[in-house]
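Trainee: Have a look at the structure that comes next, please.
Residue numbers (this note's numbering): 40 to 358.
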């Protein structure tokens with residue numbers, strides 16, 4: 040059928056054609072962008088999102104071989120299954136971490152990275168997988184205790200967005216701390232895509248962490264969350280936007296997100312901004328906008344809603 044009469048076939052190289060004009064415009068836009076950016080970084084060395092997705096699936100299978108890895112063999116064979124998944128995950132992870140190190144290489148202050156730097160990061164990460172599994176288990180247990188609708192811990196691990204997001208964060212955070220922040224950030228964005236929960240891999244979160252429902256939760260890079268903390272949907276632990284004429288620049292790293300101490304409950308829609316401290320055992324009510332510290336054991340709520348008893352009251356109130 041040829042080109043269907045649309046006139047595009049063979050027009051790519053013709054001077055003045057729409058395709059040639061678009062190519063020239065895109066080249067100009069690329070040149071302008073590159074002139075404004077750090078030309079020392081090699082974007083071709085950026086880690087692969089698809090590869091990181093495979094790594095997460097392999098690690099999930101190794102962490103939970105029967106529930107997430109679909110292993111159906113005998114207990115004697117289980118360790119062999121886990122070993123195979125870990126070997127595949129570690130091999131791919133080392134490749135992606137090496138790609139990230141290549142991306143940062145030109146601006147490394149101490150010169151070239153060690154040849155085995157990526158292998159060292161992955162080895163240290165694998166050594167901590169036992170603790171990662173225990174933290175995920177504690178999060179699942181917290182969800183089971185905190186949600187009467189849950190019928191089993193298996194249901195939580197497989198179905199609950201908050202637990203799935205926690206699993207991703209428990210994997211991403213140690214990689215962030217070990218020196219692979221881009222790989223870690225890709226893991227957090229995969230979790231965001233899958234669950235609607237956005238946890239920066241730099242955030243420090245204690246055990247028995249429970250995000251109920253989950254959608255819309257945002258936790259910033261320097262947030263510190265204690266043990267047995269519960270958040271509901273659309274909670275934000277964020278930073279205050281610096282003034283345009285202030286001395287802070289976006290790339291500066293400083294403590295700018297909240298500290299949430301042990302046993303705090305934060306209800307749906309609450310927005311807590313800046314380096315404030317929510318004291319142990321405090322409760323933050325729904326839709327609260329908070330910029331100040333909250334003492335331990337205190338409760339912060341909005342004024343209660345009014346109850347209008349009939350349509351006459353409603354019309355009077357509306358008027």
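Heads up, the beta-carbon is just placed ideally off N, CA and C, and yes, glycines get one too.
The structure displayed is predicted, hence computed values, not measured ones.
1) Can you find at least 3 beta carbon pairs, one from the region 223-232 and one from the region 156-166, that sit closer than 8 Å?
2) Report the CB separation of residue 221 from residue 139 in whole angstroms; it is logged as a contact under 8 Å.
3) Opposite residue 275 in the DSSP bridges: which residues?
4) Count the other CB atoms within 10 Å of the CB of residue 60; is the residue buried (16 or more) or exposed (fewer)?
5) Count the other CB atoms, across all protein chains shown, that sit within 10 Å of the CB of residue 113; report buried if there are 16 or more and exposed otherwise.
6) Rounding to the nearest angstrom, what Cα-Cα distance links residue 121 and residue 190 in this structure?
7) Buried or exposed: residue 104, going by 16 or more other Cβ atoms within 10 Å of its Cβ?
8) Anyone know if the C-beta pair for residue 257 and residue 237 falls short of 7 Å?
9) At which residues does the alpha helix (DSSP H) containing residue 67 begin and terminate?
10) Comparing C-alpha positions only, which one of 338, 336, 280 sits nearest to residue 313?
11) Does DSSP put residue 85 in a helix, in a strand, or in coil?
12) Thinking just about the alpha-carbon of each residue, which of 198, 175, 199, 192 is nearest to the one in residue 211?
13) Pick from 214, 253, 159: whose alpha carbon is nearest that of residue 198?
14) Mind checking which residues open and close the alpha helix (DSSP H) that includes residue 231?
15) Report the rounded CA-to-CA distance for residue 144 versus residue 152, giving the unit in angstroms.
16) Is residue 293 buried or exposed, if buried means 16 or more other CB atoms sit within 10 Å of its CB?
17) Measure the beta-carbon distance from residue 160 to residue 223 and round it to whole angstroms, keeping in mind my assumption that it falls under 8 Å.
18) With residue 172 as the anchor, note down where its alpha helix (DSSP H) starts and where it stops.
19) Per DSSP, residue 110 is paired with what?
20) Quick one, are the C-beta atoms of residue 301 and residue 316 less than 7 Å apart?
21) Can you grab the Cα-Cα spacing for the pair residue 171 / residue 86, in whole Å?
22) Would you kindly check if the distance between the Cβ of residue 324 and the Cβ of residue 340 is under 7 Å?
23) Closest to residue 306 by C-alpha separation, out of 318, 335, 270, would be which residue?
24) Between the Cα of residue 125 and the Cα atoms of 260, 298, 98, 116, which residue gives the shortest distance?
Mentor: On the basis of the data shown:
1) Not touching, per the Cβ criterion.
2) Their Cβ separation, rounded to whole angstroms, is 5 Å, which keeps residue 221 and residue 139 in contact under 8 Å.
3) Within the DSSP secondary-structure output, residue 275 pairs in a beta bridge with 257, 310.
4) Residue 60 is exposed by the Cβ-count criterion.
5) Exposed.
6) Rounded to whole angstroms, the separation of the alpha carbons of residue 190 and residue 121 is 27 Å.
7) Its Cβ being crowded by 16 or more others within 10 Å, residue 104 is buried.
8) Closer than 7 Å, so yes.
9) From DSSP, the alpha helix (DSSP H) with residue 67 extends over 57-75.
10) The shortest Cα separation from residue 313 among 338, 336, 280 belongs to 280.
11) Residue 85: coil per DSSP, three-state reduction.
12) Residue nearest to residue 211 within the set 198, 175, 199, 192 is 175 (criterion: CA-CA distance).
13) The candidate whose alpha carbon is nearest that of residue 198 is 253.
14) Its alpha helix (DSSP H) spans residues 220-234.
15) Cα-Cα distance, rounded: 7 Å.
16) Exposed.
17) So it is not a contact: roughly 11 Å between Cβ atoms.
18) Element bounds for residue 172: 168-185.
19) For residue 110, which the question treats as bridged, DSSP gives no partner whatsoever.
20) For residue 301 and residue 316, no; Cβs fall outside 7 Å.
21) Residue 171 and residue 86 have their C-alpha atoms roughly 23 Å apart.
22) Closer than 7 Å, so yes.
23) The option with the nearest alpha carbon to residue 306 is 270.
24) Residue 125 has its Cα closest to that of 98, out of 260, 298, 98, 116.
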